[in-house]
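So the numbering used here is basically just the index in the sequence shown, starting at one, shifted up by 38.
We put the CB at the ideal spot given by N, CA and C, even for glycine.
As the structure is a prediction and not an experimental result, all values here were calculated from the model.
See below for the structure under consideration.
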Amino acid sequence: MERVIDIAALVKAIHPTPAVCGFPKEAAKRFILQNENYNREFYTGYLGELNFQEIK
Numbered sequence: 039m040e041r042v043i044d045i046a047a048l049v050k051a052i053h054p055t056p057a058v059c060g061f062p063k064e065a066a067k068r069f070i071l072q073n074e075n076y077n078r079e080f081y082t083g084y085l086g087e088l089n090f091q092e093i094k
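The structure is reproduced here in structure tokens:
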């Protein structure tokens, strides 16, 4: 049986990573939003091609 992986759910689950945001993620995100005075919109991210037909 072939295993189906939801790529969009995977990306959402791992981004932002603890190295960027902190851990636990939700508490770290709240702290950042409450205490930083700049927008992290382009601070970091992932870049690459997503092929939703197959994973190699």
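In this structure, the straight-line span from the alpha carbon of G60 to that of K67 is close to 8 Å. E40 and I52 have their alpha carbons spaced roughly 23 Å apart. In this structure, V58 places its C-beta atom within 7 Å of the C-beta atom of T82.
When DSSP states are grouped into helix, strand and coil, V58 belongs to the coil group.
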